[in-house]
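Participant: First, the structure itself, so that you have it in front of you.
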Amino acid sequence: MLQQFGILLPLTCFGAAHAANLTDVNALITQAVQTHPLVGAAIADEQATRESITAAKLNLYPAPAISSGYDQDKGLISRANVRQALWTGGKLTANVNQAIYDDKAATAFVYEQQNTIAKNTIDIWQSHIYATALQGLYVNNLKQLDEFEAMMKRRVDQGVSARIDLDLVTNRILQDQNAYQGALQQQRIAQARLAQMIGEPINEKGLRPAPINDMARYAKAQSEDLEALIFSQSAFNNPKVIKQQYQVEAAKQQVKAQQAARYPTIYVQYEQLYYHKTSNNDGQFSLGLNYEPGAGFSTMALSRASQARVKGLEQSQEAAKRSVLEEIQTQYQQFASAKDQETSLIAAVAGAQIVVDSYRRQFIAGRKTWLEVLNAVREKASYQQQLLEVQSQIIGAFYKLQVDLGRMPWQNYQAITDPVVDYQPYDALHHWLQSAHQTAPTATTDDTTVVPQ
């Protein structure tokens, strides 16, 4: 019952562990975001949107088609044609840009899912370290109560104290044993949940005992610049906000593509006919115009619907900004409040210890009852439990703020924060002409030119 349990100290080093180690919260989070199925599903969606970019760009190239049909007079006829769009009103370009923004939004969603998994892992890990710290508290309490029980047995045997005083100590021991078992069960549940988050069993070998206040001290030391970051624009670099921005841009490109349907498409086509009955070929080039406004000019209504959708997404984007900022600021206020509570609880624990020591001396002198001594011990344990809970909240809030602000070692948002340049089909030709002009040889003053007289 009195076996000592260590409390886990987070390491600042970073790296994915082959066997999950509870001493490194960064490694636990990294393993969770790399292996969790929700992140895997988001990555698969991102790969699909990336292929959509390729498909949209391929639509800029000539479109081949082969068909075969039977004519009553001419017999079987095979037809092969290649059609190249010359002007679509910007539809094909808008489709490419929409695919690019959809891909960026999908990438941001991957990061958003990673952050969600990371914060869930931190919540579970916080529960684990709190349960482990509680076990250490109850172990120390049981040691003290065992000493009280031994002392009271001697006093009862000597007839100095009543039997009821020994029963009081025994009852308090049973209560703390029950509380210890509850903390142990809470720890096991947290370990099982962590194992589900990272996809493998937890390795508890080599755990280092360390007080939870060391973890809280580390979190407070690393949080000096948090307030300045939280109330600045850096909070808007959150993937949830960036995803909404890209979704708005993708919707705007969709509007452009649908508005292009108001205009005809100009194309050039080469068609080759083969008459199987006579074995003759017939090929011809043509310049054509195609106009498809949809049934009842439905493309106009679709364009207006997309414009309304853009406005809705813009409102969702603003709502996401406010939601993220509110969540981060609330988390920070909880962190700051927990720090203030810790200061008062540390003083309360120290004061309660003085009361316990004083009551023990006064009990020996006959000025305090045994029940008052045990109540003082319980009050000190209650303050210690509150202190451990507040310190675990400090640790959890600190790491979740680090996730929200993108300051964890595994976070890199460059893929979604770099500026996006809209695709233009003639950019490659323009760049090639510029480079050819820059590399072309120029005349120097040493060159001589012969002018005919």
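Residue numbers are given in our numbering: position 317 of the sequence shown equals residue 1247, and the series is strictly consecutive. Where a beta carbon is used, it is the ideal one built from N, C-alpha and C, also for glycine.
1) DSSP on residue 944, reduced to helix/strand/coil?
2) Can you tell me where the beta strand (DSSP E) with residue 1201 in it begins and where it stops?
3) Three or more C-beta pairs closer than 8 Å, one from the segment 1206 to 1222 and one from the segment 988 to 1008: is that the case here?
4) Out of curiosity, what's the CA-to-CA distance linking residue 1254 and residue 1055?
5) So is residue 1023 buried or exposed if we call it buried at 16+ other beta carbons inside 10 Å?
6) Count the other CB atoms within 10 Å of the CB of residue 1265; is the residue buried (16 or more) or exposed (fewer)?
7) Run through DSSP, which three-state label would residue 1017 get?
8) Between which two residues does the alpha helix (DSSP H) harbouring residue 956 extend?
9) Looking at residue 1153: is its Cβ nearer than 7 Å to the Cβ of residue 1328?
10) When the Cα atoms are used, what is the spatial distance from residue 1214 to residue 986?
11) Take residue 1039 as the anchor and find which of 975, 1286, 1306, 996 has the nearest alpha-carbon.
12) Any heavy atom of the ligand MN closer than 6 Å to the CB of residue 1186?
13) Can you give me the C-alpha to C-alpha distance between residue 1095 and residue 1118, rounded to a whole angstrom?
14) Quick one: what's got a C-beta closer than 7 Å to residue 969's C-beta in the same chain, skipping five residues either side?
15) The alpha helix (DSSP H) with residue 1295 in it runs from where to where?
16) Where does residue 1220 sit, in a helix, a strand or coil, going by DSSP?
17) By the DSSP assignment, the beta strand (DSSP E) with residue 999 in it spans what residues?
18) State buried or exposed for residue 978, treating a residue as buried only when at least 16 other CB atoms are found within 10 Å of its CB.
19) For the 8 Å Cβ check, are there 3 or more pairs between the segment 1183 to 1192 and the segment 1011 to 1021?
20) On the premise that residue 1060 lies in contact with residue 1319, defined as a C-beta separation below 8 Å, what is that separation, rounded to the nearest angstrom?
21) Going by DSSP, what residues sit across from residue 1215 in a beta bridge?
22) Quick one: what's residue 1012 bridged to in DSSP?
23) Buried or exposed: residue 1034, going by 16 or more other Cβ atoms within 10 Å of its Cβ?
24) Is it the case that the segment 1165 to 1181 contacts the segment 1240 to 1259, given that we only count it when at least three CB pairs across the two stretches are under 8 Å?
25) Considering only residues of the segment 1152 to 1186, which uninterrupted alpha helix (DSSP H) runs meet the minimum length of 4 residues and lie entirely inside it, listed in chain order?
26) Counting only the same chain and skipping the five closest in sequence on each side, list residues whose C-beta sits under 8 Å from that of residue 1313.
27) Using 7 Å as the threshold, is the C-beta distance between residue 1315 and residue 1146 below it?
28) Compare the Cα-Cα distances from residue 1070 to each of 959, 1341, 1307 and report the closest residue.
29) With a CB to CB cut of under 8 Å and the five nearest residues on each side skipped, what residues in its chain are close to residue 1272?
30) Quick one: give me the first and last residue of the alpha helix (DSSP H) that residue 1451 is part of.
31) Is the segment 1337 to 1354 in contact with the segment 1256 to 1265, if contact means three or more CB pairs nearer than 8 Å?
32) So which of 1268, 995, 958, 1001 has the shortest CA-CA distance to residue 1123?
33) Mapping the DSSP letters down to three states, classify residue 1005 as helix, strand or coil.
34) Determine the direct distance from the alpha carbon of residue 1181 to that of residue 1238, and round the result to whole angstroms.
35) Who are the Cβ neighbours of residue 982 in its own chain at under 8 Å, not counting the five residues just before and after it?
Facilitator: The relevant details are as follows:
1) If you number the sequence shown from 1, residue 944 lands on position 14. For residue 944, the pLDDT reaches just 33, beneath the cut-off of 50, and the residue's location in the model is therefore unreliable, leaving the point undetermined.
2) Against the sequence shown, residue 1201 aligns to sequence position 271. That run of the beta strand (DSSP E) goes 1195 to 1205.
3) yes
4) Counting from one through the sequence shown, the residue named residue 1254 turns up at place 324. Counting from one through the sequence shown, the residue named residue 1055 turns up at place 125. Distance between the alpha carbons of residue 1254 and residue 1055 is about 23 Å.
5) Residue numbering aside, residue 1023 sits at position 93 when the sequence shown is read from its first letter. Residue 1023 should be labelled buried.
6) Counting from one through the sequence shown, the residue named residue 1265 turns up at place 335. The residue is buried, with at least 16 neighbouring Cβ atoms inside 10 Å.
7) Position 87 of the sequence shown holds residue 1017. Three-state DSSP puts residue 1017 in a strand.
8) Working through the sequence shown from its first residue, we reach residue 956 at position 26. Run containing residue 956: 955 to 965, per the alpha helix (DSSP H) assignment.
9) Counted from its first residue, the sequence shown places residue 1153 at position 223. Counted from its first residue, the sequence shown places residue 1328 at position 398. Yes, the Cβ-Cβ distance between residue 1153 and residue 1328 is below 7 Å.
10) Here residue 1214 refers to the residue found at position 284 of the sequence shown. Here residue 986 refers to the residue found at position 56 of the sequence shown. Roughly 28 Å separates the two Cα atoms.
11) Residue numbering aside, residue 1039 sits at position 109 when the sequence shown is read from its first letter. For the residues 975, 1286, 1306, 996, the minimum Cα distance to residue 1039 belongs to 975.
12) Looking at this structure, you won't find the ligand MN or any other ligand, since it has none at all.
13) In the sequence shown, the residue the question calls residue 1095 occupies position 165. In the sequence shown, the residue the question calls residue 1118 occupies position 188. So the two alpha carbons sit approximately 35 Å from each other.
14) Counting from 1 along the sequence shown, the entry for residue 969 is found at position 39. Excluding residues within five positions, the ones whose Cβ falls inside 7 Å are 963, 1040, 1043, 1044, 1047.
15) Residue 1295 sits at position 365 when you count from the first residue of the sequence shown. Start and end: 1228 to 1295.
16) Within the sequence shown, residue 1220 is the residue found at index 290, counting from 1. It is a strand residue.
17) As a working mapping, residue 999 is identified with position 69 in the sequence shown. Per DSSP, residue 999 belongs to the beta strand (DSSP E) from 993 to 1001.
18) On the sequence shown, residue 978 is found 48 positions in, with the first residue counted as 1. Classification for residue 978: exposed.
19) yes
20) Sequence index remark: in the sequence shown, residue 1319 carries index 389 (1-based). Sequence index remark: in the sequence shown, residue 1060 carries index 130 (1-based). Right, their Cβ atoms sit about 6 Å apart.
21) Here residue 1215 refers to the residue found at position 285 of the sequence shown. Residue 1215 pairs with 1200.
22) Here residue 1012 refers to the residue found at position 82 of the sequence shown. 994, 1200.
23) Counted from its first residue, the sequence shown places residue 1034 at position 104. Burial call: buried.
24) yes
25) 1156 to 1160
26) Taking the first residue of the sequence shown as position 1, residue 1313 is located at position 383. Around residue 1313: 1275, 1278, 1279, 1282.
27) For the purposes of this step, residue 1315 is taken as residue 385 along the sequence shown, with counting starting at 1. For the purposes of this step, residue 1146 is taken as residue 216 along the sequence shown, with counting starting at 1. Contact: no.
28) The sequence position of residue 1070 within the sequence shown is 140, counting from 1. Among 959, 1341, 1307, the Cα nearest to that of residue 1070 is on 1307.
29) Position 342 of the sequence shown, counting from 1, holds the residue named residue 1272. 1146, 1317, 1320, 1321, 1324, listed in sequence order.
30) The structure shown does not extend to residue 1451, since the chain is modelled only from 931 through 1383, so no value can be given for it.
31) no
32) Sequence index remark: in the sequence shown, residue 1123 carries index 193 (1-based). Closest option to residue 1123, Cα to Cα, is 958.
33) The residue given as residue 1005 occupies position 75 in the sequence shown. Of the three classes helix, strand and coil, the one that applies to residue 1005 here is strand, per DSSP.
34) One-based indexing of the sequence shown puts residue 1238 at position 308. One-based indexing of the sequence shown puts residue 1181 at position 251. Answer to the nearest angstrom: the Cα atoms are 10 Å apart.
35) Sequence index remark: in the sequence shown, residue 982 carries index 52 (1-based). The residues are 1029, 1032, 1033.
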